[in-house]
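Trainee:
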Ligand SMILES: Cc1cc2nc3c(=O)[nH]c(=O)nc-3n(C[C@H](O)[C@H](O)[C@H](O)COP(=O)(O)OP(=O)(O)OC[C@H]3O[C@@H](n4cnc5c(N)ncnc54)[C@H](O)[C@@H]3O)c2cc1C
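Residue numbers (the numbering used here): -17 to 192.
1) Using CA coordinates, which residue listed in 113, -5 and 15 is at the minimum distance from residue 73?
2) From the DSSP output, in three-state form, read off residue 144 for me.
3) Which complete alpha helix (DSSP H) runs does the stretch 114 to 142 hold, if anything under 4 residues is left out?
4) Which ranges would you report for the beta strand (DSSP E) in the stretch 1 to 61 if only whole runs of at least 3 residues count?
5) Rounded to the nearest angstrom, what separates residue 132 and residue 43 at their Cα positions?
6) Between which two residues does the beta strand (DSSP E) harbouring residue 172 extend?
7) DSSP three-state call for residue 92: helix, strand or coil?
8) For residue 32, count the other beta carbons within 10 Å of its own beta carbon; 16 or more makes it buried, fewer makes it exposed. Which is it?
9) Any chance the CB of residue 75 is under 7 Å from a heavy atom of ligand 1?
10) What are the start and end residues of the beta strand (DSSP E) that includes residue -1?
11) Buried or exposed: where does residue 183 fall if 16 or more other Cβ atoms within 10 Å of its Cβ makes it buried?
12) Apply the 10 Å Cβ neighbour rule to residue 53 and answer buried if 16 or more other Cβ atoms are within range, or exposed otherwise.
Encoded structure:
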């Protein structure tokens, strides 16, 4: 939802994690100019069955921004899974959410969907030039080479993270804060977390070996 009357810093994105805020997902506060912010959350679908996303969001907003006014709101589902097994069939190609091209960790699907669309468009143009519909199968190969393989890894990381309790997440954040800023990448944080908490290896191994 877009809120006005909120006290946010222009150049800071806030993320909140934890069972009380957004189990299996995260809550974001993105500044959108003076006193305005996009405040939203995503949570695992199994958790949403127990308590709705909008309830979590209202509780957070009432606590954190009690004087805010809601300007707009939007809701929807995001497929945070691996890419669909088949994204090309005969003369049809799937791109974006329809192909499950969303980053499974962040739930961000705009850039990856555009990349999928770009690759799909290029391959379709080539297929027309070659007058060879079977060339469309190239799309699946190029997608997996460009991003699909990474999404498979991210999905496994997300599954590993889903076993962590709030205390473990707090410890990971403490470790990440000790990293120099340029090393606070997903991979960097993950490596540091493993280094500082070797017991995590069991959860991670369980996911990657399965
Ligand atoms: C609340 C929320 C917040 C999000 N925030 C972010 C974010 O910050 N960053 C990010 O990267 N991603 C975000 N996402 C995910 C992102 O929005 C999607 O991954 C992305 O928009 C997918 O693009 P798409 O083109 O595949 O599908 P869509 O954007 O869903 O586009 C599909 C279009 O097809 C139209 N359509 C559907 N059926 C038909 C039909 N039968 N005939 C004609 N048209 C039809 C729809 O109206 C829609 O316009 C968010 C998602 C939600 C729900």
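The beta-carbon is built from N, C-alpha and C at its ideal position, and this holds for glycine as well. These figures come from a predicted structure and were not determined experimentally.
Mentor: Let me lay it out:
1) One-based indexing of the chain shown puts residue 73 at position 91. When each option's Cα is compared against that of residue 73, the closest is 113.
2) Mapped onto the chain shown, residue 144 falls at position 162. In the structure shown, residue 144 sits in coil (DSSP, three-state: anything other than H, G, I, E or B).
3) Fully contained in the stretch 114 to 142 are the following alpha helix (DSSP H) runs of length 4 or more, in chain order: 119 to 125.
4) 8 to 13, 18 to 24 and 51 to 54
5) Within the chain shown, residue 132 is the residue found at index 150, counting from 1. Within the chain shown, residue 43 is the residue found at index 61, counting from 1. Cα to Cα, residue 132 sits roughly 34 Å from residue 43.
6) The residue given as residue 172 occupies position 190 in the chain shown. Annotation: residue 172 is outside any beta strand (DSSP E); the continuous alpha helix (DSSP H) that includes it extends over 168 to 178.
7) Working through the chain shown from its first residue, we reach residue 92 at position 110. For residue 92, the three-state secondary structure derived from DSSP is helix.
8) Taking the first residue of the chain shown as position 1, residue 32 is located at position 50. Under this definition residue 32 is an exposed residue.
9) Working through the chain shown from its first residue, we reach residue 75 at position 93. For ligand 1, not one heavy atom lies less than 7 Å from the Cβ of residue 75.
10) Numbered from 1 along the chain shown, position 17 holds the residue referred to as residue -1. Taken as a continuous stretch (DSSP letters only), residue -1 belongs to no beta strand (DSSP E), as it is neither H nor E.
11) Working through the chain shown from its first residue, we reach residue 183 at position 201. Residue 183 is exposed by the Cβ-count criterion.
12) Numbered from 1 along the chain shown, position 71 holds the residue referred to as residue 53. By the 10 Å Cβ count, residue 53 comes out exposed.
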